[in-house]
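First comes the structure, then the notes that go with it.
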Amino acid sequence: MFARSVSALGARALTVARELGGIVILTGQVLRALFPPRLDGHELVYNLHRMGNRSVPIVALTAFFAGGLMVVQSAPMVKNLGATSLAGWAAGYAVLRELGPILIALMFSGRVGANNTAELGTMTVTEQLDGLRALAIDPIQYLIVPRVLAMLIMLVCLTVIGDLVALLGAGLVAKAVLGIEWQVMYASFVDNLTPADFLHGVYKSIGFGAAIALSSCYFGVTVRGGAVGVGRAVNAAVVAAAVSIMLLDFFLTYVSA
Amino acid sequence: MTAPPPAPAAGRGPAGRVVTGLGDRVTRIGAAGLDAGRAAIELWLVFVGVIAGLVRQRRAGARRAPGATVAQLHAIGNRSLLFIVVTLGFIGMVMIYQGCLQFSRSIGDLSQVGKQFIRLVVSDLGPTLTGLMLATRVGAGIAAEIGSMKVTEQLDALRMSGVLPIDYLLVPRFVAALIMTVVLSVLGGAIMIAAGGLTANLSFGVNPRTFFDLGAVMPRHLVLGLLKACCYGAAIPVVAGFCGLRARGSSEGVGWATTAAVVGGSFAVIALDFALSVGALSLLGGKL
Numbered sequence: 021m022f023a024r025s026v027s028a029l030g031a032r033a034l035t036v037a038r039e040l041g042g043i044v045i046l047t048g049q050v051l052r053a054l055f056p057p058r059l060d061g062h063e064l065v066y067n068l069h070r071m072g073n074r075s076v077p078i079v080a081l082t083a084f085f086a087g088g089l090m091v092v093q094s095a096p097m098v099k100n101l102g103a104t105s106l107a108g109w110a111a112g113y114a115v116l117r118e119l120g121p122i123l124i125a126l127m128f129s130g131r132v133g134a135n136n137t138a139e140l141g142t143m144t145v146t147e148q149l150d151g152l153r154a155l156a157i158d159p160i161q162y163l164i165v166p167r168v169l170a171m172l173i174m175l176v177c178l179t180v181i182g183d184l185v186a187l188l189g190a191g192l193v194a195k196a197v198l199g200i201e202w203q204v205m206y207a208s209f210v211d212n213l214t215p216a217d218f219l220h221g222v223y224k225s226i227g228f229g230a231a232i233a234l235s236s237c238y239f240g241v242t243v244r245g246g247a248v249g250v251g252r253a254v255n256a257a258v259v260a261a262a263v264s265i266m267l268l269d270f271f272l273t274y275v276s277a
Numbered sequence: 062m063t064a065p066p067p068a069p070a071a072g073r074g075p076a077g078r079v080v081t082g083l084g085d086r087v088t089r090i091g092a093a094g095l096d097a098g099r100a101a102i103e104l105w106l107v108f109v110g111v112i113a114g115l116v117r118q119r120r121a122g123a124r125r126a127p128g129a130t131v132a133q134l135h136a137i138g139n140r141s142l143l144f145i146v147v148t149l150g151f152i153g154m155v156m157i158y159q160g161c162l163q164f165s166r167s168i169g170d171l172s173q174v175g176k177q178f179i180r181l182v183v184s185d186l187g188p189t190l191t192g193l194m195l196a197t198r199v200g201a202g203i204a205a206e207i208g209s210m211k212v213t214e215q216l217d218a219l220r221m222s223g224v225l226p227i228d229y230l231l232v233p234r235f236v237a238a239l240i241m242t243v244v245l246s247v248l249g250g251a252i253m254i255a256a257g258g259l260t261a262n263l264s265f266g267v268n269p270r271t272f273f274d275l276g277a278v279m280p281r282h283l284v285l286g287l288l289k290a291c292c293y294g295a296a297i298p299v300v301a302g303f304c305g306l307r308a309r310g311s312s313e314g315v316g317w318a319t320t321a322a323v324v325g326g327s328f329a330v331i332a333l334d335f336a337l338s339v340g341a342l343s344l345l346g347g348k349l
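Pasting the structure below:
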């Protein structure tokens, strides 16, 4: 019983090590294809549109709710102190630095990262990657690099958009639920938030984008075993993305503070 | 009065771009709206089906798969344990780090940080972040399993042997997810608070006795937090099961279903959180 649990633990550790190593190798291959840039420009534009523009509604909705939620949660403090000028401070600070980038990254990982794993996984199990190789087209340059770049660029853009929508949501909910006027909320944002707060969130989203892109591509191209395998790979990819978002959030915050 | 001209069909213009007329766009919006409506009805039917399955299984003499719920409790709960501990522990550390930094810069008094943080975790962040994490891990898992069974026609085989797929597959997962989301939310909240207290003590020298101050937590916060956890626990398996049952085609369909389950589950958690928070706030007259 004891021996079996030890060997299960070891097998788990080996799997994690193999996946981490695979992601590092994939990162190396992507970087090598980027200097000098050898990638498919048409694919890049297509992926930028598909991954970025079409994620705007879900990201905006998520950010709106996140902004509103933080205002609702800071309501007791505001009511107790009678300091409505603090509502914008608490909500804006929490949304711009932490919750906004994290929630947007999680939604992005679900919508774009998981989708990407499913697509690459389907191509892998139907041997389309081997087909590309047979035509002397490098799958890294043709498929992986444009996707990684598109996810990196678009998560940063979506975080910028999402931050603005979240502040709008905070103002709207403050007006509708707490009865705080627009001007008070606006003044509270302007007085208490600095560009550094905004940039801190945007800077972290670069790391989140890289983590989502690399893990989703890695789990996509290593799929084994048909439809069941694709489902399992998508599951593994979103879990890996969620864990790495949380870990990166911690380390990036420590490094920059 | 002349009849309005027929809407021009989509075609390729000189620049190779798709030209669409107003009528075409209206058609597309209408189709998307109809699809959304149909999906909402199907989602509702899955929910009703699960509740009906629960009722049917409580009847005397009902056929039940022995041990299915226990197996799902293990798969959903125990195997998410490490994931929840790692993610919520780290986010607790970050939040306290940021909070202390801001409080020490603007107010200079760190004695309120722990009190407010614990209230926030109990009434909102603990259940919600656990729910988001479980929507990712558990929702994707359920959708992948049921989707794979759908496209390999195992669900049809079940139906042919007189077993309802919802009763056999989704009801045990529903029960297990409901229980385990509540349990893991409590655990996740505790981990968040513990990790936050550790960070406050190590990085900012806040006394643990000052930090772990439960003074701001009212019974209504606890009730709200548990209510949220229950709602997420019910929503995640229903959304995931709905997505899995809609899978079509082969591996591509399973991938789509899994993706839809992650997005739908996460969004359900955030929307439910917002609705419940605003509802509680207006019910309590602004004294959340």
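As given, the protein sequences belong to chains H and G, one line each in that order. Residue 21 is where the first sequence starts when you use my numbering, and the numbers rise one by one after that. Residue 62 is where the second sequence starts when you use my numbering, and the numbers rise one by one after that. We put the CB at the ideal spot given by N, CA and C, even for glycine.
Is there a Cβ from chain H that is less than 9 angstroms from the Cβ of G:Glu214?
Your numbering for residue 214 of chain G matches position 153 in the second sequence. Using a Cβ-Cβ cut-off of 9 angstroms, G:Glu214 does not count as an interface residue toward chain H, since no Cβ of chain H sits closer than that to its own.
For the segment 173-236 of chain G, list the alpha helix (DSSP H) runs that are entirely contained and at least 4 residues long, ordered along the chain.
Within the segment 173-236 of chain G, the runs of alpha helix (DSSP H) at least 4 residues long that lie entirely inside it are, in chain order, 187-195, 201-212 and 215-221.
Could you tell me which of H:Leu175, H:Asn212 and H:Thr47 sits nearest to G:Ile168, measuring between CA atoms?
Translated into the one-based positions of the second sequence, residue 168 of chain G becomes position 107. Checking every option, the nearest Cα to that of G:Ile168 belongs to H:Asn212.
Does any residue of chain H bring its CB to less than 9 angstroms from the CB of G:Phe272?
In the second sequence, the residue the question calls residue 272 of chain G occupies position 211. Against chain H, the CB of G:Phe272 has no partner CB under 9 angstroms away; the residue lies outside that interface.
Let's see if you can read the secondary structure: which residues bound the alpha helix (DSSP H) around H:Glu147?
Against the first sequence, residue 147 of chain H aligns to sequence position 127. No alpha helix (DSSP H) contains H:Glu147, which DSSP labels as neither H nor E.
Nearest chain G C-beta to H:Leu187 closer than 9 angstroms, yes or no?
Locating residue 187 of chain H in the first sequence gives position 167, where the first residue counts as 1. Answer no: the Cβ-Cβ gap between H:Leu187 and chain G never drops below 9 angstroms.
CB contact flag (H:Ala247, G:Thr213, <9 angstroms):
Counting from one through the first sequence, the residue named residue 247 of chain H turns up at place 227. Counting from one through the second sequence, the residue named residue 213 of chain G turns up at place 152. Pairing H:Ala247 with G:Thr213 gives a Cβ-Cβ distance under 9 angstroms.
With DSSP as the reference, label H:Val248 as helix, strand or coil.
Residue mapping note: residue 248 of chain H aligns to position 228 of the first sequence, counting from 1. H:Val248 carries a helical assignment under DSSP once its states are collapsed to helix, strand and coil.
For H:Leu68, decide whether its Cβ has a neighbour in chain G, counting only Cβ atoms nearer than 9 angstroms.
To locate residue 68 of chain H, count along the first sequence from 1; it is residue 48. Residue contact with chain G for H:Leu68: absent (no Cβ-Cβ distance below 9 angstroms to any residue of chain G).
Compute the beta-carbon to beta-carbon distance between H:Ser236 and H:Leu175, rounded to the nearest angstrom, for a pair I have assumed lies under 8 angstroms.
Numbered from its first residue, the first sequence carries residue 236 of chain H at position 216. Numbered from its first residue, the first sequence carries residue 175 of chain H at position 155. Between H:Leu175 and H:Ser236 the Cβ distance is about 12 angstroms, and since that is not below 8 angstroms, they are no contact.
At which residues does the alpha helix (DSSP H) containing G:Arg120 begin and terminate?
Your numbering for residue 120 of chain G matches position 59 in the second sequence. Per DSSP, G:Arg120 belongs to no alpha helix (DSSP H) and is neither H nor E.
Which term fits G:Asp334, buried or exposed, when burial requires 16 or more other beta carbons within 10 angstroms of its beta carbon?
For this step, residue 334 of chain G is matched to residue 273 along the second sequence. Per the 10 Å Cβ criterion, buried.
Which first and last residues belong to the alpha helix (DSSP H) in which G:Asp170 is found?
Looking up residue 170 of chain G in the second sequence gives position 109. It is not in any alpha helix (DSSP H) - G:Asp170 carries neither H nor E in the DSSP assignment.
Residues near G:Tyr293 in its chain [Cβ-Cβ closer than 6 angstroms; skip 5 each side]
On the second sequence, residue 293 of chain G is found 232 positions in, with the first residue counted as 1. Cβ within range, chain order: Gly192, Thr242 and Val330.
Please work out which residues of its chain come closer than 6 angstroms, Cβ to Cβ, to H:Met266, disregarding the five sequence neighbours upstream and downstream, and give them in chain order.
Along the first sequence, read from residue 1 onward, the residue named residue 266 of chain H stands at position 246. Excluding residues up to 5 positions away in sequence, nothing lies with its Cβ nearer than 6 angstroms to the Cβ of H:Met266 in the same chain.
Any idea what DSSP makes of H:Glu201, helix, strand or coil?
Position 181 of the first sequence, counted from the first residue, corresponds to residue 201 of chain H. Per DSSP, reduced to three states, the secondary structure at H:Glu201 is coil, with no helix or strand assignment.
Inter-stretch contact at 8 angstroms, needing at least 3 Cβ pairs: the segment 88-103 of chain H / the segment 141-160 of chain H
Contact between the segment 88-103 of chain H and the segment 141-160 of chain H is absent, with fewer than three C-beta pairs closer than 8 angstroms.
Given H:Val263 as reference, the closest of G:Gly326, G:Ile207, G:Ile145 and G:Thr271 once Cα atoms are compared:
Reading the first sequence from its first residue, position 243 is the one you call residue 263 of chain H. It is G:Ile145 whose Cα lies nearest to the Cα of H:Val263.
What does the Cβ neighbour count give for H:Ile45, buried or exposed, with the cut at 16 atoms within 10 Å?
Stepping through the first sequence from its first residue, residue 45 of chain H is reached at position 25. Counting the other Cβ atoms within 10 Å of the Cβ of H:Ile45 gives fewer than 16, which makes it exposed.
What ranges does the beta strand (DSSP E) occupy inside the segment 134-193 of chain H, keeping only unbroken runs of at least 3 residues that lie completely in it?
The segment 134-193 of chain H contains no whole beta strand (DSSP E) run of 3 or more residues.
Report buried or exposed for G:His135, applying the criterion of at least 16 other Cβ atoms within 10 angstroms of its Cβ.
Counting from one through the second sequence, the residue named residue 135 of chain G turns up at place 74. Exposed is the label assigned to G:His135, since fewer than 16 other Cβ atoms lie within 10 Å of its Cβ.
So is H:Phe22 in contact with chain G if we call contact Cβ pairs under 9 angstroms?
As a working note, residue 22 of chain H is residue 2 in the first sequence. With a threshold of 9 angstroms between beta carbons, H:Phe22 makes no contact with chain G.
How many Å lie between G:Met279 and G:Asp96 at the Cα?
On the second sequence, position 218 is the one that residue 279 of chain G refers to. On the second sequence, position 35 is the one that residue 96 of chain G refers to. Approximately 44 angstroms, taken between the alpha carbons.
Can you tell me where the alpha helix (DSSP H) with G:Asn268 in it begins and where it stops?
As a working mapping, residue 268 of chain G is identified with position 207 in the second sequence. Careful: G:Asn268 lies outside any alpha helix (DSSP H) and carries neither H nor E.
Looking at the C-beta of H:Pro96, does it have a partner C-beta in chain G at a distance below 9 angstroms?
Working through the first sequence from its first residue, we reach residue 96 of chain H at position 76. Taking Cβ atoms only, chain G reaches closer than 9 angstroms to H:Pro96, which makes this a yes.
Over the uninterrupted alpha helix (DSSP H) stretch that includes H:Arg24, give me the two end residues.
One-based indexing of the first sequence puts residue 24 of chain H at position 4. Segment Phe22 to Leu54, the alpha helix (DSSP H) holding H:Arg24.
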